[in-house]
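Numbering (my numbering), first residue to last: 7 to 178. Ideal Cβ positions, reconstructed from N, Cα and C, are used throughout, including at glycine. Report on one structure; see the data block that follows.
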Amino acid sequence: VFTEAVWKDPNGQRVRCAKIHEIESDFLDRARARGVPAVLLAPYGTGKTEGGLAYCLRLLSEQPSMRLGIVCDKDEHGIDRAQVLLRYVEGDEDYRRLFPEIEVDHGQRGRRTLYKFRLKQTKGKDAAVEASGIFASGTGSRKDVFFFDDVVTKQNAINEPADAVLPYSART
């Protein structure tokens, strides 16, 4: 319901959710309600990025104090995803009509950069949304939800040793 009311395709037309996106969203909601980490794996071309971003926007709308981390294969791709969310919060007419109380913090603590932004409702000193590449040194730990999107590409699979991205406990 949220996605169809707010999310748009690149031409600015509202998106109708496919059944797979409804199932994914329901699965994530049930996992979150139980406090269980969840991972979605779906075939190429099924709209995981768009669906995931719409889900993240919905979470921020329901819990504006949430801290969301976006991790991609490269910083630039994480920045692209953070900027999509920022555009909705700041300027999408449908979003603004449904969630007028959610505002970007432009004050001193809300200094916005390409890779992060705060909402007025964000907890403490953290950004509401912060994005990075998988090999960045500062993905942070004070996040309520992480959205990992396309973190492994052919290029970084070839160039980076596999154990560089695994936590120590997974290697032993």
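Beta-carbon proximity check, residue i vs residue j, cutoff 8 Å
i: V12; j: Y94; result: yes
i: L125; j: P43; result: no
i: D155; j: R102; result: no
i: I140; j: V77; result: yes
Nearest neighbour of residue i, chosen from the options [CA to CA]
i: S138; options: D100, I108, L92, G84; result: G84
i: G41; options: A48, L47, F33; result: F33
i: T159; options: C62, E30, Y50; result: Y50
Nearest-angstrom Cβ-Cβ length linking residue i and residue j, presumed shorter than 8 Å
i: I26; j: T55; result: In fact, because the Cβ distance is near 13 Å, the residues do not count as touching under 8 Å.
i: V90; j: L59; result: 6 Å
i: D79; j: N162; result: 6 Å
Where residue i falls, given that 16 or more other Cβ within 10 Å makes a residue buried
i: Y174; result: For Y174, the predicted model reports a pLDDT of 46, less than 50, meaning its position is unreliable; a value from the coordinates is still stated below. Exposed, since its Cβ has fewer than 16 Cβ neighbours within 10 Å.
i: I108; result: buried
i: L66; result: buried
i: L104; result: exposed
i: F153; result: buried
i: G197; result: One cannot answer for residue 197 here, as it falls past the ends of the chain, which runs 7 to 178.
i: N17; result: exposed
Contacts around residue i, its chain only, beta-carbon distance under 6 Å, and the 5 residues preceding and following it disregarded
i: D150; result: M72, R73
i: R64; result: F8
i: A48; result: K54
Own chain residues within Cβ distance below 8 Å of residue i, not counting five before or after
i: A133; result: R73, K122, F123, R124
i: D181; result: Nothing about residue 181 can be reported from this structure: the residues present for the chain run from 7 to 178 only.
i: E96; result: V110
Cβ-based neighbour list, residue i, same chain, cut-off 7 Å, excluding 5 preceding and 5 following
i: A176; result: Bear in mind that the predicted position of A176 carries a pLDDT of just 46, short of 50, making it too unreliable to give a figure here.
i: G57; result: H27, E30
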